[in-house]
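S.K.: Going left to right, the sequence shown walks through residues 2 to 157 as this note's numbering numbers them. For each residue, glycine too, the CB sits at the ideal point set by N, CA and C.
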Amino acid sequence: MILFHGSDVAVKKVILQQCRPYKDFGRGFYLTPIKSHADKMAARTALRNGSSPIVSRFSFDQDQAVKCGLKIKIFETESNEWAEFVYRNREDRDFSHEYDIVMGPIADDGLRFRFNQYKKGIISVTNLIKGLKFKERTFQYCFLSEASLKLLVPYE
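1) Can you tell me whether A43 is buried or exposed? The criterion is at least 16 other CB atoms within 10 Å of its CB, across all chains shown.
2) Less than 8 Å between the beta carbons of N90 and K24, yes or no?
3) How would you call P106, buried or exposed, if buried means at least 16 neighbouring beta carbons within 10 angstroms?
4) Name the DSSP bridge partner or partners of P155?
5) Taking L150 as part of the alpha helix (DSSP H), name the residues at either end of that continuous run.
6) Which runs of the alpha helix (DSSP H) spanning at least 4 residues fall entirely within the stretch 60–139, listed in chain order?
7) Alpha carbon to alpha carbon, how far is G7 from I123?
8) For a test of the three-state rule: what should DSSP assign to S37, helix, strand or coil?
9) Note down, in chain order, each residue of its chain lying with its Cβ closer than 7 Å to the Cβ of L71, except the 5 sequence neighbours on either side.
10) Tell me, please, whether the CB atom of D25 is closer than 8 Å to any CB atom in chain B?
11) Hey, how far is the Cα of K41 from the Cα of G51?
12) Please say whether A66 and L152 have beta carbons closer to each other than 8 Å?
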């Protein structure tokens, strides 16, 4: 399959330590199979940095990841488990997990307010999920280990 990464730099080699922490699935390299979403992310990043949008493409064989014994977590859709996982990765500085690859929906970026409401018990996890859902169909792949990154091949 082909996965896309939207940014303002062409990515040829991923360095995990340069990836931002406290994102949906933790510190990792994020891609999507949805080209239009990568285009939007690239445009947003370029606008923020005063640069030009660039979408990098990679091929990835999920069956190979399974054969290699990588720990993979898949969230098919928004759920209580997904919301708690995103919440812990974004908000709990002591939280960590051992997955090599995590796949699932992208949480809406207007999170801080919703997370604070949830943390204070003002809203339930059900209402948190409703607030976290993106307005359009999304899906992301997060590569969190060096072993997983070896399976990403730049696609020209």
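M.R.: Answer, in terms of the structure:
1) buried
2) For N90 and K24, yes; Cβs fall inside 8 Å.
3) buried
4) F59
5) Per DSSP, L150 is one residue of the alpha helix (DSSP H) stretching across E147 to L150.
6) Secondary structure in the stretch 60–139: the alpha helix (DSSP H) runs of 4 residues or longer, each lying completely within the stretch, are 63–68, 81–92, 112–120 and 126–133 in chain order.
7) 35 Å
8) helix
9) Cβ within range, chain order: D101, I102, A148 and S149.
10) No chain B appears in the structure shown, which is made up of a single protein chain.
11) About 15 Å.
12) yes
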